[in-house]
Structure formats: structure tokens, C-alpha cells
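Notes follow the structure.
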Amino acid sequence: MLKEEQWGTTAFQLTLFYIISFMIYEQA
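Numbering (this note's numbering), first residue to last: 6 to 33.
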């Protein structure tokens with residue numbers, strides 16, 4: 006089972022990746 010901190014970091018990274026991908030898609 007993951008610790009709360011690890012889950013929060015993973016969620017943050019996934020959100021960051023989604024935002025960057027969306028920005029790149031918008032520029033295309």
C-alpha cells in the first residue's frame with residue numbers, strides 16, 4: 006500500500022504530464 010505522500014506525488018506528476026500534453030496539443 007502506498008503512503009499518502011507517494012500517492013500525492015504520483016497524482017501531481019500525472020496532472021503535470023496531462024497539462025503539458027494538453028498545451029502541446031493546443032499548439033499543434
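Even for Gly, the Cβ is constructed at its ideal location relative to N, Cα and C.
Through-space distance from S26 to T15, alpha-carbon basis: The residue you call residue 15 lines up with position 10 of the sequence shown. The residue you call residue 26 lines up with position 21 of the sequence shown. Using only the alpha carbons, I get a separation of about 16 Å.
Segment limits, alpha helix (DSSP H) that includes A16: Numbered from its first residue, the sequence shown carries residue 16 at position 11. Membership of A16 in the alpha helix (DSSP H) is indicated by the continuous run E9 to Q32.
Measuring only the C-alpha atoms, how far is E31 from I24? Residue 31 sits at position 26 when you count from the first residue of the sequence shown. Residue 24 sits at position 19 when you count from the first residue of the sequence shown. The alpha-carbon atoms of E31 and I24 are separated by roughly 11 Å.
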